[in-house]
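In the working numbering, the protein residues as written are 55 to 320. The beta-carbon is built from N, C-alpha and C at its ideal position, and this holds for glycine as well. Single-structure report; data block below.
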Ligand SMILES: [Zn+2]
Ligand SMILES: [Zn+2]
């Protein structure tokens with residue numbers, strides 16, 4: 055089976071540790087068929103630190119160099135676009151770049167605060183935040199937002215677990231089913247993010263329960279990503295995620311080039 059890791063962060067992400075060249079080398083060594091570099095573009099942080107425009111051009115230049123070094127490896131130029139609704143016009147500008155192969159649409163925040171930055175103090179509070187998260191995701195996947203794959207559904211659970219809480223997200227089944235119907239209607243993918251497999255969650259984001267629901271509702275398009283922030287994690291868990299998807303009845307996963315999905319047989 056051909057394996058592609060389509061979610062990873064380089065030193066052009068504020069939290070990335072390895073340059074593009076190291077990710078490409080690691081992917082080649084691991085026998086992957088390709089990677090897509092998806093550095094963060096947090097719409098609210100466009101002008102914070104290094105302006106995103108510069109990082110984007112530098113990143114693309116590194117990708118072009120890595121392509122020359124690894125002609126057998128597909129190296130896509132993507133972006134993890136966070137919370138497009140904070141500034142829809144700016145979000146539109148980012149993805150109108152004709153060089154972009156793939157856009158992950160992630161929702162990291164609630165009212166401008168990243169779930170990573172919140173303190174979780176009770177199960178009741180977690181349930182309440184998850185209800186808001188699920189409701190907000192409906193809006194995130196609707197409207198003018200343009201992206202190819204919904205990133206790491208169940209993201210808040212990672213940080214709730216960090217603070218010692220394991221709430222039951224299945225209480226939000228109705229809202230999440232609505233999210234899935236919108237993705238399916240719009241021909242978008244659902245990401246299987248494998249970062250949870252190497253963290254205390256011990257499962258993909260989203261896990262089997264949600265992937266089964268997506269499949270039951272008619273979802274066929276998925277993408278696979280490690281969300282690696284260091285070259286050592288590139289490709290991590292992708293084979294497991296592919297096996298999981300296959301076992302749930304998915305026939306293929308998607309790798310995007312120039313915003314168009316190519317089907318990779320499972
Ligand atoms: Zn993310
Ligand atoms: Zn990411």
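For residue 283, the secondary structure class from DSSP, reduced to helix, strand or coil, is coil. By the neighbour-count criterion, in which 16 or more other beta carbons inside 10 Å mark a residue as buried, residue 92 falls on the buried side.
Near ligand 1, meaning a Cβ closer than 6 Å to any of its heavy atoms, lie the following residues in chain order: 134, 160, 162, 205, 206.
The alpha-carbon separation between residue 206 and residue 247 amounts to approximately 5 Å.
Per the coordinates, the alpha-carbon of residue 79 lies some 13 Å from the alpha-carbon of residue 64. Of all C-beta pairs linking the segment 73-90 to the segment 284-299, three or more are shorter than 8 Å, placing the two stretches in contact. Contact between residue 203 and residue 158 holds: their C-beta atoms lie close to 5 Å from each other, under 8 Å. Relative to ligand 2, even the nearest heavy atom lies 7 Å or more away from the CB of residue 96.
Sixteen is the threshold: since fewer than 16 other Cβ atoms of the shown chains lie within 10 Å of the Cβ of residue 125, the residue is exposed. Burial state of residue 175 is exposed, judged by a 10 Å Cβ sphere holding fewer than 16 other Cβ atoms. For residue 220, the three-state secondary structure derived from DSSP is coil. Under the DSSP assignment, residue 315 falls in the beta strand (DSSP E) whose first and last residues are 314-319. Under the three-state reduction of DSSP output, residue 178 falls in the helix class.
For residue 156, the secondary structure class from DSSP, reduced to helix, strand or coil, is strand. Note on geometry: alpha-carbon atoms of residue 181 and residue 223 lie some 8 Å from one another.
When the five nearest sequence neighbours on each side are left out, the beta carbons in the same chain lying within less than 8 Å of the beta carbon of residue 221 are those of 177, 180, 181, 184, 211, 214, in order along the chain. Counting C-beta atoms within 10 angstroms of its own C-beta, residue 118 has fewer than 16 neighbours from the protein chains shown and is therefore classed as exposed.
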